[in-house]
Structure formats: C-alpha cells, structure tokens
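Before any comments, here is the structure.
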Ligand SMILES: [Zn+2]
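In this note's numbering, the protein residues as written are 1 to 224.
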C-alpha cells in the first residue's frame, strides 16, 4: 500500500489507544516495516529493480526484501514491539494494539502487492494479491477507499480528508500505465526510489499526525 494510506491506518490505532501512547509511536509503528525497507535498500541488503521504462507501479519490482517485508519478520517485529510496549506501559491493551499497528503494514501490503512478499527469510514462497501488477486501477480505488474509511472511522477533520484524498490522487499516474507521471524517471534508479519513498513516508506521517489533532482526548472528555 502507498505511504498515505499506511499513514491513514494510524488513525484506527490512535483512536483505539485513546492517547495512552504518543501519536508519534503509532505513526512510526504503521510504517516501521517500510522505514526498515528504505534502510536495508540503501545499505544494499534488500534489492529493488525496475523495467527499462517505468509506466506504473507494476514496472517496479521489489525483488528481495525478506528481512523488512516477510510475513515472518512482521510477526517477529509485532511480538517484540508489543512486548516492549507491555513493559513500558504495563497495559495488555496498549501492547496488543501497538502489535496490531506494527502488523497492519504487511497485511495492507499483502492486499495490493504483486507476489513479492516472502513468507520467511528466503524468496521461496512469495505472497501478494497481485493487484499492483494485474489490476492496478482496482488497487487505486481500494487504497483510496481504505484511506477514506480510516478518516471516517476516526471522525477526522476536513483538512485530514483533503490530505488523504489529494495524496491518493497524486499517486494516480502510478496506477494507470497510459498516463505518464514522475514514475517515468525512476527507471533503473533503485536508490532514488528508496529516497522518494522515504520522503513520502515522512511527509505523509507528519501531515496525518499534524491534522489528526486530539480527537481521542476530546472523546474521553465528552464521554465523562
Ligand atoms: Zn510496505
């Protein structure tokens, strides 16, 4: 899933956690796997390749990412992360919701990715619903609908709605091969791809965090 919709997923966990954990931790948790992917790609441990011409997301192949994006590593990250929050906050509820936030990344990626998500620490069994490669326009509307759902569930502000909508629309050329977009310049440039994704992660997390306000606090006050 694209950065804006992973960022939007944090709204679900923020609402459930009711400010028992800083929103910064929630935002970092839903994108922890992607931040790890950027780091491991820049270090050359994981690998991304592209077709000669990049017309859409299906022309970018996440060739090797068993440490950041395998189902196994996501479970390990969720258990370790949840455990750390259990020790820190002494609350099973916080620990479980933070573990789910960490795990949400791979679940959302499995829904949209081509079969590029390893089951374990090798590239033997690759999973993914394949929407990015075989039905990208379906992926676009699924992602947009999910982002808007997160906003609706959270009862977010108008500015939050516009951020989710506009960032999804900005990705449109990535889903329609016939429309040429900036992805054209990503061909054969794996380092640039990692940097572009890092910028998207940080920008969308910042904007979603900034415009999500203190909904949880208001709700707690109102229900008293
Ligand atoms: Zn991912």
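C-beta: ideal position from N, C-alpha, C; glycine also. Quantities reported herein were computed from a predicted structural model and do not represent experimental measurements.
Residue 33 Cβ short of 7 Å to ligand 1 heavy atom set: For residue 33, the distance from the CB to the nearest heavy atom of ligand 1 is below 7 Å.
Taking residue 49 as part of the alpha helix (DSSP H), name the residues at either end of that continuous run. Per DSSP, residue 49 belongs to no alpha helix (DSSP H); it is in the beta strand (DSSP E), 47-50.
Would you call residue 204 buried or exposed, if buried means 16 or more other Cβ atoms sit within 10 Å of its Cβ? With 16 or more other Cβ atoms within 10 Å, it is buried.
Going by C-alpha to C-alpha distance, which of 196, 186, 190 sits closest to residue 56? It is 186 whose Cα lies nearest to the Cα of residue 56.
With a threshold of 7 Å, establish whether the CB of residue 105 neighbours any heavy atom of ligand 1. Taking 7 Å as the cut-off, the C-beta of residue 105 counts as close to a heavy atom of ligand 1.
Please state whether DSSP places residue 218 in a helix, a strand or coil. Any reading at residue 218 must be qualified, since the residue scores a pLDDT of 45, below 50, and its modelled position is unreliable; the value itself is stated next. Helix at residue 218.
Which of the three DSSP states is assigned to residue 118 in this structure? DSSP places residue 118 in strand when its eight states are reduced to three.
Exposure label - residue 14; buried when at least 16 CB within 10 Å: Residue 14 should be labelled buried.
Tell me the start and end of each unbroken alpha helix (DSSP H) in the segment 26-112 that is at least 4 residues and wholly inside, in chain order. You should have 32-42, 66-69, 71-89, 92-112.
Whole-angstrom distance between residue 43 and residue 12, CA atom to CA atom: Each residue's Cα considered, the two are about 32 Å apart.
Nearest-angstrom Cα separation, counted from residue 20 out to residue 217: Any reading at residue 217 is ruled out, since the residue's pLDDT is 43, under 50, leaving its predicted position unreliable.
Tell me which same chain residues have a C-beta within less than 8 Å of the C-beta of residue 224, skipping the five on either side of it? Residue placement at residue 224 is flagged as unreliable, the pLDDT there being 46, under the threshold of 50; a coordinate-derived value is accordingly withheld.
Spatial neighbours of residue 151 in its chain, beta-carbon cut-off 7 Å, leaving aside the 5 residues before and after: Exclusion of the five residues before and after residue 151 leaves 8, 11, 160, 161, 164 as the residues of its chain whose Cβ lies within less than 7 Å of its Cβ.
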